[in-house]
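Colleague: Position 44 of the sequence shown, counting from 1, maps to 46 under this note's numbering, and the rest follow consecutively.
All C-beta atoms, glycine included, are put in the ideal place defined by N, C-alpha and C.
Quick one: structure below, then a few questions.
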Amino acid sequence: MNLHQIASGLIGQVNPFIDSTIKVYSGETEDEAGKTITTYVDIAVNGQLQPLAWKDLQQLDGLNITGVEKKFYVNGNFSAISRPGRTGGDLLVIGSQVWMIRTVLELWPDWCSLGLTLQVT
């Protein structure tokens with residue numbers, strides 16, 4: 003049962019959903035000069051950007067993550083950085099802001115919440 007989908011109608015009246023794009027890391031290529039170019043697959047999503055709760059802040063502090071932090075609720079499952087798995091580096095783009103997906107705070111079969119850090123672009 004997708005509880006997020008059930009509750010989203012009411013939540014959306016208070017905190018509207020945002021059209022955004024998740025750029026899923028798909029590898030690297032080299033340009034003619036030998037410079038590494040990161041490649042992504044773009045996935046259009048609709049989610050909610052929210053401030054972090056105290057528990058989330060403690061979790062990010064334990065991971066030694068600092069900067070401008072937010073939480074993003076989205077239908078579907080996305081991953082965070084996993085050096086052993088060689089995955090991650092995924093980005094969330096909202097308008098002109100680019101957020102790095104640093105951690106998955108909640109993972110359910112149909113939705114997840116992502117810990118984000120605002121990137122300097």
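Would you say Ile20 and Ile96 are within 7 Å of each other, going by their C-beta atoms?
Modeller: By one-based count along the sequence shown, residue 20 stands at place 18. By one-based count along the sequence shown, residue 96 stands at place 94. A contact, by the Cβ cut-off of 7 Å.
Colleague: Mind checking if Lys72 is an interface residue toward chain C, Cβ cutoff 7 Å exclusive?
Modeller: Looking for chain C here will not work: only one protein chain is present.
Colleague: Does DSSP put Ile83 in a helix, in a strand, or in coil?
Modeller: Position 81 of the sequence shown, counting from 1, holds the residue named residue 83. Ile83: coil per DSSP, three-state reduction.
Colleague: To the nearest angstrom, how far is it from the Cα of Arg88 to the Cα of Gln121?
Modeller: Counting from one through the sequence shown, the residue named residue 88 turns up at place 86. Counting from one through the sequence shown, the residue named residue 121 turns up at place 119. Their Cα atoms are separated by approximately 21 Å.
Colleague: If you compare alpha carbons, which of Thr105, Gln52, Thr40 and Val76 is closest to Ser84?
Modeller: In the sequence shown, counting from the first residue as 1, residue 84 sits at position 82. Residue Thr105 is the option with its Cα nearest to Ser84.
Colleague: Of the residues Gly78, Thr31 and Glu30, which one's Cα is nearest the Cα of Gly49?
Modeller: In the sequence shown, residue 49 corresponds to position 47, counting from 1. Comparing Cα positions, the closest option is Gly78.
Colleague: With burial defined as no fewer than 16 other Cβ atoms inside 10 Å of the residue's Cβ, what is the status of Ile24: buried or exposed?
Modeller: Residue numbering aside, residue 24 sits at position 22 when the sequence shown is read from its first letter. The residue in question, Ile24, is buried, as its Cβ has 16 or more Cβ neighbours within 10 Å.
Colleague: Determine the burial state of Glu34: buried for a count of at least 16 other Cβ atoms within 10 Å of its Cβ, exposed for fewer.
Modeller: For the purposes of this step, residue 34 is identified with residue 32 of the sequence shown, where counting begins at 1. The residue in question, Glu34, is exposed, as its Cβ has fewer than 16 Cβ neighbours within 10 Å.
Colleague: Who does Ile24 pair with in a DSSP beta bridge?
Modeller: Translated into the one-based positions of the sequence shown, residue 24 becomes position 22. In DSSP, Ile24 forms a bridge with Ile45 and Leu94.
Colleague: Tell me which residues share the same chain as Glu30 and place their Cβ nearer than 6 Å to its Cβ, disregarding the 5 neighbours each side in the sequence.
Modeller: The residue labelled residue 30 in the question sits at position 28 within the sequence shown. So the qualifying residues of the chain are Thr38 and Thr40.
Colleague: Run through DSSP, which three-state label would Gly11 get?
Modeller: Start at 1 with the first residue of the sequence shown, and residue 11 comes out as number 9. Residue state, collapsed to three classes: helix.
Colleague: What does the alpha-carbon distance come out to for the pair Ile13 and Gln52?
Modeller: As a first step, residue 13 must be located in the sequence shown, where it is residue number 11. As a first step, residue 52 must be located in the sequence shown, where it is residue number 50. Taking the straight line joining both Cα atoms gives about 11 Å.
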